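Counting from 2, one number per residue, gives the positions in the sequence shown under this note's numbering. From the three backbone atoms N, C-alpha and C, an ideal C-beta is built for every residue, glycine too. Just so we're clear, the structure is a prediction, and the values are computed from it rather than from any experiment. Structure first, commentary second.
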Amino acid sequence: MKIDGKHYRTIWPAAGDAVDVIDQTRLPHCFETVTLRTAEDCARAIGEMTVRGAPLIGATAAYGIALAMREDASDEALGRAYDLLLATRPTAVNLHWALKRMRDALRNRPRERRAEIAWQEAAAICDEDAETCRSIGAHGLEILRGAAAKKNGMTLNILTHCNAGWLATVDWGTALAPIYVAHDDGIPLHVWVDETRPRNQGASLTAFELGAHGVPHTIIADNAGGHYMQTGEVDLCVVGTDRVTANGDVANKIGTYLKALAAKDNGVPFYVALPSSTIDWSLNSGREIPIEERPPDELLKMTGRLADGGLATVEIAAPGSAGANPAFDVTPARLVTAFITERGVCEASGEGLRSLFPERR
Ligand code: MRU
C-alpha cells in the first residue's frame, strides 16, 4: 500500500544482512523504519510489538530464522532461533506456521546452502502473504458488493475491530483488503473503526491506513459499536483473526467477542477474514487457544502526541490499582456469518473450512 505516494510493504530486505520494518509503536505520529539484523532483533520486534498482526508476526519470524542462518547455519543455531522466536507471542498461530515452514525448508539441507535457502523461503512467505491477502480482498469484494446492492446507492457502513489491514500483514491486509478493493471499485462505503483498547490499534493504525488510502472512516469508542448496530448504522462487521480452530472458533483482539454478540443480537452479518496460515488444524475448540496476557501498564497508561509534537506516556488509572490485560478473546463459530479466505468464502464451521481445504479432510 502507499504512504505519501510511495509503495511500502511492512517488511523488506535491507542493505547488508538485514531487514527493515515499519515501527508500528510510533504510528500514527511518526513514520519510522527500524533495521533488524539478528534473530534476537526480530524476536524483540515481535515481543515489543514494533511489528504485530498475525501474518506479519509470521513473516518477521521467518526472516529471524534467515538472519540466524547467516550467522551460524548449524542445527543447534536453527533450534535456538526457532525456540527464541516461538516464545515471543503465544496466540497468533501464523508464528508457528512460519517457523515450521522455515525449519522444514532447512532440515536435511547442506549447511553451506542454508543461509541462501532460508532467505529465499522468508521472501517467498512474504510474497505469498501479499498475494493471499489480495485474493481475500477479491473474494470479500463480492460480499461487500452484495451488501451495497441492498443500500440503493446509500453508503455502506462497515465496522471493524483492531487492525487487520496492510500493517498487520505483508501487504493489503485481511479484513481491510475487501474494503480497499471495494473502495477502489467505487462502492460508497464508510468504516466505523473501534479504537481497540488498550493499545488502540484501531485508532492509531487502522485509521492511519484508511486515511492514507482515502477511505472514509470514523473512530469510535470500543463500547459504541453495539449502539450503532441497534440504531441501524452498521450494515456488516468484518474483522481479522490470530487463530481459527478446526471447528471454526475464532481468536482475535480482545473485544471481538462482544462485537460478535452485539452483531448477532441485531442481525448484523459478522465476517472473519483470514489466510489459511491462520487456521490451526490441530485444535478442535477455541477453548484450547492460548490467550496472551500482556503487561497491565498497557491498560493503566496511554501514550499520545503533545501539542509541541513530542510523544508522552501518561498514567490514566487510580494509583495502586491492579490491571488485567488479556490481549485476545475467542468468538464461537456460531456467531460468525462466514469466513473470507484466499480460496473463497465459506460457512464458519469445521465443515465449511474443509470444503475450501479438502486436503485437510
Ligand atoms: O496484538 P496485535 O496487534 O498483534 O493483534 C492483531 C489482531 O488482533 C488482528 O486482528 C489479527 O492479527 C488479524 S491480522 C490480519
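**Study point:** Nearest candidate by alpha-carbon position, reference K302, set I292, G310 and T314
**Key:** Reading the sequence shown from its first residue, position 301 is the one you call residue 302. Comparing Cα-Cα distances from K302 to each of I292, G310 and T314, the minimum goes to T314.
Check your understanding: Going by beta carbon distance, what residues of the same chain come within less than 8 angstroms of V337, once the five residues before and after it are set aside?
Key -> Position 336 of the sequence shown, counted from the start, is the residue given in the question as residue 337. Cβ neighbours of V337 beyond the five flanking positions: G249, V251, A261, F271, Y272, V273 and A349.
Check your understanding: By how many angstroms is the C-alpha of A148 removed from the C-alpha of Q121?
Key -> Indexing the sequence shown from 1 puts residue 121 at position 120. Indexing the sequence shown from 1 puts residue 148 at position 147. Each residue's alpha carbon lies about 41 angstroms from the other.
Check your understanding: Which word fits C31, buried or exposed, when buried means at least 16 other C-beta atoms lie within 10 angstroms of its C-beta?
Key -> As a first step, residue 31 is located in the sequence shown; it is residue number 30 there, counting from the start. By the neighbour-count rule (16 or more Cβ atoms within 10 Å), C31 is not buried but exposed.
**Study point:** Opening and closing residue of the beta strand (DSSP E) in which H218 lies
**Key:** Along the sequence shown, one-based indexing puts residue 218 at 217. Residues H218 to I221.
Practice item. Starting from the Cα of D18, find the closest Cα among H8, A67 and Y9 and give me that residue. Key: For this step, residue 18 is matched to residue 17 along the sequence shown. The residue from H8, A67 and Y9 with its alpha-carbon nearest to that of D18 is A67.
Check your understanding: What is the DSSP secondary structure of C134, reduced to helix, strand or coil?
Key -> Within the sequence shown, numbered from 1, the residue matching residue 134 stands at position 133. Assigned with DSSP and collapsed to three states, C134 falls in helix.
Point to revise | Length-filtered (4 minimum) alpha helix (DSSP H) runs lying within the region 64-104 | key: Runs of the alpha helix (DSSP H) inside the region 64-104: 76-87.
Point to revise | For D186, the nearest candidate out of A123, L160 and L142 (CA to CA) | key: In the sequence shown, the residue the question calls residue 186 occupies position 185. Taking only the C-alpha atoms, the option nearest D186 is L142.
Check your understanding: What separation, rounded to the nearest whole angstrom, lies between the Cα atoms of R102 and I280?
Key -> Against the sequence shown, residue 102 aligns to sequence position 101. Against the sequence shown, residue 280 aligns to sequence position 279. Near 14 angstroms, if we compare the C-alpha coordinates of I280 and R102.
Check your understanding: Taking the runs of the beta strand (DSSP E) that are 3 residues or longer, which of them lie wholly in the region 148-231?
Key -> If one requires a minimum length of 3 residues, the beta strand (DSSP E) runs lying completely within the region 148-231 are 157-161, 190-195 and 218-221, in chain order.
Exercise for review: Indicate whether the contact test is met: 3 or more Cβ pairs, each with one atom in the region 149-166 and one in the region 195-214, closer than 8 angstroms.
Suggested key: Contact holds: three or more Cβ-Cβ distances are below 8 angstroms.
Check your understanding: What are the residues that DSSP puts in a beta bridge with R244?
Key -> For the purposes of this step, residue 244 is identified with residue 243 of the sequence shown, where counting begins at 1. Note: R244 sits in a beta bridge opposite A252.
Check your understanding: How about A55: is its Cβ closer than 7 angstroms to a heavy atom in the ligand PLP?
Key -> This structure lacks the ligand PLP; its bound ligands are the ligand MRU.
Review point. Within 7 angstroms: the Cβ of D130 and any heavy atom of the ligand MRU?
Key: Numbered from 1 along the sequence shown, position 129 holds the residue referred to as residue 130. No heavy atom of the ligand MRU is found nearer than 7 angstroms to the CB of D130.
Review point. On the three-pair Cβ rule with 8 angstroms, is the region 103-120 touching the region 61-80?
Key: At 8 angstroms Cβ cutoff, the stretches touch.
Exercise for review: Identify, in the order they occur along the chain, each residue of the same chain with its Cβ nearer than 6 angstroms to the Cβ of L160, setting aside the five sequence neighbours on each side.
Suggested key: Numbered from 1 along the sequence shown, position 159 holds the residue referred to as residue 160. So the list reads W193, G226, V235 and C238, once near-sequence residues are dropped.
Check your understanding: By how many angstroms is the C-alpha of D298 removed from the C-alpha of K265?
Key -> Counted from its first residue, the sequence shown places residue 265 at position 264. Counted from its first residue, the sequence shown places residue 298 at position 297. One C-alpha to the other measures close to 33 angstroms.
Point to revise | Cβ shell of T257 (< 7 angstroms), same chain only, five flanking positions each side left out | key: The count along the sequence shown starts at 1 and reaches residue 257 at position 256. Excluding positions up to five away in sequence, the list reads H162, V240, D330 and T332.
**Study point:** Same chain only: Cβ atoms within 8 angstroms of R135, ignoring 5 sequence neighbours per side
**Key:** Locating residue 135 in the sequence shown gives position 134, where the first residue counts as 1. Taken in chain order, the residues that qualify are D172, W173 and A178.
Practice item. Whole angstroms is fine: what's the gap from T304's alpha carbon to A204's? Key: Position 303 of the sequence shown, counted from the first residue, corresponds to residue 304. Position 203 of the sequence shown, counted from the first residue, corresponds to residue 204. Their backbone Cα atoms lie some 12 angstroms apart in a straight line.
**Study point:** Rounded straight-line distance, which links the Cα of T232 to that of D84
**Key:** For the purposes of this step, residue 84 is taken as the residue at position 83 of the sequence shown. For the purposes of this step, residue 232 is taken as the residue at position 231 of the sequence shown. So the two alpha carbons sit approximately 49 angstroms from each other.
Check your understanding: How many angstroms separate the CA atom of A125 from the CA atom of H228?
Key -> Working through the sequence shown from its first residue, we reach residue 125 at position 124. Working through the sequence shown from its first residue, we reach residue 228 at position 227. Taking the straight line joining both Cα atoms gives about 43 angstroms.
Point to revise | Own chain partners of T156 with C-beta closer than 7 angstroms, once the 5 adjacent residues on each side are dropped | key: In the sequence shown, residue 156 corresponds to position 155, counting from 1. Cβ neighbours of T156 beyond the five flanking positions: P189, L190 and H191.
Exercise for review: Determine, using beta carbons only, whether S278 and W13 come nearer to each other than 8 angstroms.
Suggested key: The residue given as residue 278 occupies position 277 in the sequence shown. The residue given as residue 13 occupies position 12 in the sequence shown. It is not a contact, given that the beta carbons lie outside the stated cut-off.
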